[in-house]
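Enquirer:
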Amino acid sequence: MPQLGLGHGRTNTSGLTVYLGKQTLNGSNPNQISRGVKQVILHPNYNSTTFNNDIALLLLSSSITFTNYIRPVCLAAQSSSFPAGTNCWVTGWGSIASGVRLPSPGVLQEARVPTVCTCLCDYLLGLGSITTNMICAGYLQGGVDTCQGDSGGPMVSKKGAVWVQAGITSWGKGCALARLPGVYTLVSQYQSWITSVIKLNLPGFVT
1 MPQLGLGHGR TNTSGLTVYL GKQTLNGSNP NQISRGVKQV ILHPNYNSTT
51 FNNDIALLLL SSSITFTNYI RPVCLAAQSS SFPAGTNCWV TGWGSIASGV
101 RLPSPGVLQE ARVPTVCTCL CDYLLGLGSI TTNMICAGYL QGGVDTCQGD
151 SGGPMVSKKG AVWVQAGITS WGKGCALARL PGVYTLVSQY QSWITSVIKL
201 NLPGFVT
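Numbered according to UniProt numbering, the sequence shown spans residues 1 to 207.
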C-alpha cells in the first residue's frame, strides 16, 4: 500500500516506520498500527534546491486493514482547483513556534489556513520561487502556519462531504510570519505519476 510523502525526506528505509491511527507522540494510542517501509519512491524530477516536485511514495511492508480510526484520504484529481481563500486544514507534530517544540504528550495539532493566490505568494516569497507544482496557504497577518517538523503532513480541504488532500507540507520562511505563507506540494499535479508508479487506476482521485 503506497503512502504519500515528501521528496526532501529520507530515502533510506532502514528503521523507517509508518504509524497509522496515532494521536499522541508519548501518550496512549490504542487505535495505532505500524508498518515498515519497503521502498521510498522519489519523484524523478525532484529538485532539492527549489523543492519543485517535492513528493514521494512509500511502499509499506504489508497491507492495511481500515478501521473507524484509520481511513484513506481522497487525493485531488488533476482537474481540481483550490482558488485563493479556500479553507484548508493542516496537521502535524512539528514545532508550535519557530524553535519551540511541541510539549509532551505531543497531541497531534490541527490548524485552518486559507489558500493564497499563487501570484501573490510568489511575490511575497521571491519571484520565481513558486512553481505550478506548488500551492500556498496561510494568513497575510501571520499567526497560523505549519512549522519545522510538519513537513510531509497533509493539507486537506472539504469538498461537499468528502475530505480531499490538496497539498503536502513542503517549505516556508520561518513559521507563521506575516506576509510569508507556507508552501505545499500541489497533489493534483501528480495524478498521472502516482497512477503510473502504483500501476493501478484507483478511484481515489476527486475533483
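Even for Gly, the Cβ is constructed at its ideal location relative to N, Cα and C.
1) Which residues mark the beginning and the end of the beta strand (DSSP E) in which residue 213 is found?
2) Going by Cα to Cα distance, which pick from T207, I135, G142 and K173 is closest to Q148?
3) Please return the same chain residues whose Cβ sits closer than 8 angstroms to the Cβ of S192, not counting the five positions on each side in sequence.
4) Alpha carbon to alpha carbon, what distance is there between N68 and C74?
5) Any idea what DSSP makes of I64, helix, strand or coil?
6) At what residues does the alpha helix (DSSP H) containing W193 begin and finish?
7) Could you tell me the alpha carbon to alpha carbon distance between I55 and P30, rounded to whole angstroms?
8) DSSP three-state label for L124, please.
9) Based on the DSSP output, what are the partners of N87 in its beta bridges?
10) For the region 105-113 and the region 34-50, state whether three or more C-beta atom pairs, one from each stretch, are separated by less than 8 angstroms.
11) Just the C-alpha distance for S146 and S62, rounded to the nearest angstrom, thanks.
12) Could you give the C-beta distance for L140 and R179, rounded to a whole number, given that I count them as a contact under 8 angstroms?
13) Would you tell me roughly how many angstroms separate the C-alpha atoms of V116 and G182, rounded to the nearest one?
14) If you follow the beta strand (DSSP E) that A166 is part of, which residue opens it and which one closes it?
15) To the nearest whole angstrom, what separates the beta carbons of N52 and T131, a pair I think is in contact under 8 angstroms?
16) At what residues does the beta strand (DSSP E) containing V183 begin and finish?
17) By Cβ distance below 7 angstroms, which residues in the same chain neighbour V187 in space, the five residues on each side in sequence not counted?
18) Counting only the same chain and skipping the five closest in sequence on each side, list residues whose C-beta sits under 7 angstroms from that of T91.
Expert: From the atom records:
1) The requested residue 213 is not part of the displayed model; the chain covers only 1 to 207.
2) Minimum Cα-Cα distance from Q148 among the listed residues T207, I135, G142 and K173 corresponds to K173.
3) Q78, listed in sequence order.
4) Rounded to the nearest angstrom, the gap between the Cα atoms of C74 and N68 is 16 angstroms.
5) Reduced to three states, the DSSP call for I64 is coil.
6) Counting along the chain, the alpha helix (DSSP H) containing W193 begins and ends at Q191 to I198.
7) Each residue's Cα considered, the two are about 30 angstroms apart.
8) If DSSP states are grouped into helix, strand and coil, L124 belongs with the helices.
9) Beta-bridge pairing links N87 to P114.
10) As far as the Cβ criterion goes, the region 105-113 does not touch the region 34-50, which means the pair count is below three.
11) As written in the sequence, residue 146 is Thr, which differs from the Ser given in the question. A straight-line Cα-Cα distance of about 30 angstroms links T146 and S62.
12) About 6 angstroms separates the two Cβ atoms, so the contact holds.
13) Answer to the nearest angstrom: the Cα atoms are 9 angstroms apart.
14) That run of the beta strand (DSSP E) goes V162 to W171.
15) Cβ-Cβ separation between N52 and T131: approximately 5 angstroms, consistent with a contact (criterion under 8 angstroms).
16) In this chain, the beta strand (DSSP E) harbouring V183 covers G182 to L186.
17) These residues qualify, in order along the chain: L75, A76, Q165, A166, G167 and I168.
18) Excluding positions up to five away in sequence, the list reads L108, Q109, E110, G153 and P154.
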